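Novice: Supplied in structure tokens, the structure appears directly below.
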Amino acid sequence: MSSPTTPQQKPAVHDVVQQVTERIETRSQATRAAWLARTAQQAQEGKGRSSLSCGNLAHTVAASCQQEKAQLLDMTRANIGIISAYNDMLSAHHPYQDYPRQIKAAVGRDGHTAQVAGCVPAMCDGITQGQPGMDMSLFSRDLIAQATALSLSHNAFDATLLLGICDKIAPGQLMGALAYGHLPTAFVPAGPMSSGITNEEKVSVRQQYAAGEVGKDALLEMECNAYHSAGTCTFYGTANTNQLVFEAMGLMLPGSAFIHPSDPLRQALTEEAARRIAAMTPSSGAYRPLSQVVDAKSLVNGLVALLASGGSTNHSIHMVAVARAAGLVLTWDDLSDLSDVVPLLVRMYPNGPEDVNAFQQAGGVPGLMARLAESGLIHLDATPVFGTMQDYLTVPQLIDGQLKWKPVGASSRPSVLAARGEQFQVSGGLKVLRGNLGRSVIKISAVADNQRLIEAPAKVFTSQHDVERAYHRGELNQDAIVVVTHSGPAANGMPELHKLMPILGNLQKSGFKVALVTDGRLSGASGKIPAAIHVTPEAVRGGAIGRLRDGDPLRLDADSGTLECLVDLSGREPANVDTETEQQTWGRDLFALMRSNVSSAETGATIFY
54 MSSPTTPQQK PAVHDVVQQV TERIETRSQA TRAAWLARTA QQAQEGKGRS
104 SLSCGNLAHT VAASCQQEKA QLLDMTRANI GIISAYNDML SAHHPYQDYP
154 RQIKAAVGRD GHTAQVAGCV PAMCDGITQG QPGMDMSLFS RDLIAQATAL
204 SLSHNAFDAT LLLGICDKIA PGQLMGALAY GHLPTAFVPA GPMSSGITNE
254 EKVSVRQQYA AGEVGKDALL EMECNAYHSA GTCTFYGTAN TNQLVFEAMG
304 LMLPGSAFIH PSDPLRQALT EEAARRIAAM TPSSGAYRPL SQVVDAKSLV
354 NGLVALLASG GSTNHSIHMV AVARAAGLVL TWDDLSDLSD VVPLLVRMYP
404 NGPEDVNAFQ QAGGVPGLMA RLAESGLIHL DATPVFGTMQ DYLTVPQLID
454 GQLKWKPVGA SSRPSVLAAR GEQFQVSGGL KVLRGNLGRS VIKISAVADN
504 QRLIEAPAKV FTSQHDVERA YHRGELNQDA IVVVTHSGPA ANGMPELHKL
554 MPILGNLQKS GFKVALVTDG RLSGASGKIP AAIHVTPEAV RGGAIGRLRD
604 GDPLRLDADS GTLECLVDLS GREPANVDTE TEQQTWGRDL FALMRSNVSS
654 AETGATIFY
């Protein structure tokens, strides 16, 4: 990796960024020390293959060719464990089909080996939206963490490459890999699909369909034009937020997140990551295990990038769970305090009209990191997997077939990535709301200023499908705060409620003041509707949201950070809703143990901590 131009003087880290980092470190002293001790114990036991018996080793090499067998049995060589989320149904993961071959060839030229240690489940929220499968989506993250750890349990690997992109998949892989934090580990991205139709057209057709103005044929044609080829969906939802945040944390090669799957640069970056991770043997000066990379500084760098880019609200859950997997205790208050001082520097749909390809053209993650660095909003002394954090202010390119990095320039599209000295909003895209209904998260980066304070009567439902039916009956043509209860992780797995967005968008377009309050999720596509989501405590666990009734006056104030019912709910009995009966079909019954043991959204909605 070529050395970037180093500034003469690094700006001091912003006081609040430093305070939040130190607060996390102090709060996490006991849990972090325990995790590091376990990790050190695993490292002290030496190269995994050297501890295997002859029978263990024979099984490990049985399917390999003679040359690979010799290399695998040579303890001076590295063996890379590949954890893949490949399947040929998900567009984002379809390109991974050829990655193991590319990785094996790249490390083989240096005498090393790579094996697919395991493949993890990879479901698509885009496919399961509004379907029973969505009730299992959030739980798939913890399942993927277990599958990743199980795949590495053969203990035959010297490093790990994670092939995963989308919503719960990449966070789950990272959580599982952190159980093997003594191994050098990196993500290898695959990149977004090319841009299809405009996001304005996509929203328009969806709202027309919700209003009954166009038929299903028109909707299907539009959707197929929007999602049309291999690669990640191009809007800035959870999948692309994963990629941006994990690059900002130093978990992949600089500038690699959003290179198109068919770009020759994409394969060059894949091979470079493989060669570099294979060289990180404990006896080399390059050794950099995952435990040295994921710490409070890298975590805060990821959070700052999340806020500055207006990323997915799902990460208010995922980052808490990822942090705990590394022994770090992150809270929503940390996120809220950072959001107060981190400006919004990126406008990608649903925060703006353009998509992730336009962001990449504007400068991509390195361009964003450079803007954050010049304001002292990231830790430039954090330890990434590759090189230094200064390298993460550079962009890759192929010159005469050779991979080089150069310092990122000024934003070429200041309407997408703000120009130096400019910003789209003085504070970050996410905000924590507090009040007598509990705590929740709202994404305000796309919400107009005149829509950030909504005071209206509640319209209470226990299912997004009931909201849809009420809309078609004309029962929502009024100022209203739509409340969807009993949709938290313990109730039904906390499904995303995207079916509501075209409906609420139509009501807002008709001139009504509308908002959403729910203990469910919305991911990165909440857009222009003020939506207080992840309300905790959730209804099924006694939260005040379960005591709301139609007509209760509610007040949602995104600017002041409050969510309140304007009448006293203390003497009211919570609604008695049977959430388990519906969870007995389509495989959801197999996740009853998770529903019974899952933590709150604020603590990561996980069964582990």
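Here our numbering is used: the first residue of the sequence shown is 54, the next is one more, and so on.
All C-beta atoms in this analysis are idealised placements derived from N, C-alpha and C, irrespective of residue type, glycine included.
Bear in mind the structure is a predicted one, so any value in this text is a computation, not a measurement.
Let me make sure I understand the geometry here. Which of 485, 409, 301 has the alpha-carbon closest to that of residue 444?
Specialist: 301
Novice: Where does residue 218 sit, in a helix, a strand or coil, going by DSSP?
Specialist: coil
Novice: Is residue 224 closer than 9 Å to residue 194 when the C-beta atoms are compared?
Specialist: Against a cut-off of 9 Å, the Cβ pair of residue 224 and residue 194 comes out as a contact.
Novice: Which stretch, first to last residue, makes up the beta strand (DSSP E) that contains residue 133?
Specialist: 132-137
Novice: Check whether the segment 553-565 and the segment 474-491 touch, using three or more Cβ-Cβ pairs below 8 Å as the test.
Specialist: These segments do not touch.
Novice: Could you tell me whether any Cβ in chain C is nearer than 9 Å to the Cβ of residue 477?
Specialist: You won't find chain C in this structure, because it holds only one protein chain.
Novice: Just the Cα atoms here: how many angstroms apart are residue 57 and residue 128?
Specialist: With a pLDDT of 42 at residue 57, under the threshold of 50, the modelled position of this residue cannot be trusted, and the question is left open.
Novice: Is it right to say residue 453 is buried, meaning 16 or more other beta carbons lie within 10 angstroms of its own, or is it exposed?
Specialist: Around the beta carbon of residue 453, a 10 Å sphere encloses fewer than 16 other beta carbons of the protein chains shown; the residue is thus reported as exposed.
Novice: Which residues bound the beta strand (DSSP E) around residue 587?
Specialist: 584-589
Novice: Among the candidates 429, 529, 600, whose CA atom is the shortest distance from the CA of residue 72?
Specialist: 429
Novice: Output the residue ranges of the beta strand (DSSP E) runs that lie fully inside the segment 566-647 and measure 3 residues or longer, sorted by chain position.
Specialist: 567-571, 584-589, 606-610, 615-618
Novice: Tell me, to the nearest whole angstrom, how far the beta carbon of residue 641 is from that of residue 176; I am working on the premise that it is less than 8 Å.
Specialist: Their Cβ separation, rounded to whole angstroms, is 13 Å, which puts residue 641 and residue 176 out of contact at 8 Å.
Novice: Quickly, what does DSSP pair residue 535 with across the bridge? List them, please.
Specialist: 512, 569
Novice: Our contact map puts residue 135 next to residue 169 with C-beta atoms below 8 Å; I'd like the distance itself, whole angstroms only.
Specialist: Going by Cβ atoms, the distance from residue 135 to residue 169 rounds to 5 Å, so yes, they are a contact pair.
Novice: Please state whether the Cβ-Cβ distance between residue 378 and residue 232 is less than 9 Å.
Specialist: yes
Novice: With a threshold of 16 other CB atoms inside 10 Å of the CB of residue 620, please say whether the residue is buried or exposed.
Specialist: exposed
Novice: Output the distance between the C-alpha atoms of residue 646 and residue 247, rounded to the nearest integer angstrom.
Specialist: 40 Å
Novice: Based on Cα-Cα distance, which residue from 315, 596, 227, 589 lies nearest to residue 217?
Specialist: Of 315, 596, 227, 589, the residue nearest in Cα terms is 227.
Novice: How many Å lie between residue 111 and residue 210 at the Cα?
Specialist: 15 Å
Novice: To the nearest angstrom, how far is it from the Cα of residue 334 to the Cα of residue 236?
Specialist: 9 Å
Novice: State the DSSP-derived secondary structure class of residue 213, mapped to helix, strand or coil.
Specialist: strand
Novice: How would you call residue 559, buried or exposed, if buried means at least 16 neighbouring beta carbons within 10 angstroms?
Specialist: Answer is buried; the Cβ neighbour count reaches 16.
Novice: For residue 130, which residues in the same chain have their Cβ closer than 7 Å to its Cβ, ignoring the five residues on either side in sequence?
Specialist: 124, 164, 165, 166
Novice: Please specify which runs of the beta strand (DSSP E), each continuous and at least 3 residues long, are wholly inside the segment 162-187, giving them in chain order.
Specialist: 166-172
Novice: Looking only at its chain, what residues have a beta carbon closer than 7 Å to the beta carbon of residue 59, apart from the 5 residues adjacent to it on each side?
Specialist: Here residue 59 scores only 43 on pLDDT, less than 50, and its place in the model should not be relied on; the value that follows carries that caveat. Within the same chain, residue 59 has close Cβ partners 443.
Novice: In whole angstroms, what is the alpha-carbon distance linking residue 616 and residue 150?
Specialist: One C-alpha to the other measures close to 46 Å.
Novice: With 16 as the cutoff for other CB atoms within 10 Å, does residue 277 come out buried or exposed?
Specialist: exposed
Novice: At 3 residues or longer, and completely inside the segment 86-158: list those beta strand (DSSP E) runs for me, N to C.
Specialist: 132-137
Novice: Would you tell me roughly how many angstroms separate the C-alpha atoms of residue 272 and residue 180, rounded to the nearest one?
Specialist: Looking at the two C-alpha atoms, the distance is approximately 15 Å.
Novice: Cα-Cα, which of 239, 245, 275 is closest to residue 251?
Specialist: 275
Novice: In angstroms, rounded to a whole number, what distance separates the CA positions of residue 501 and residue 256?
Specialist: About 17 Å.
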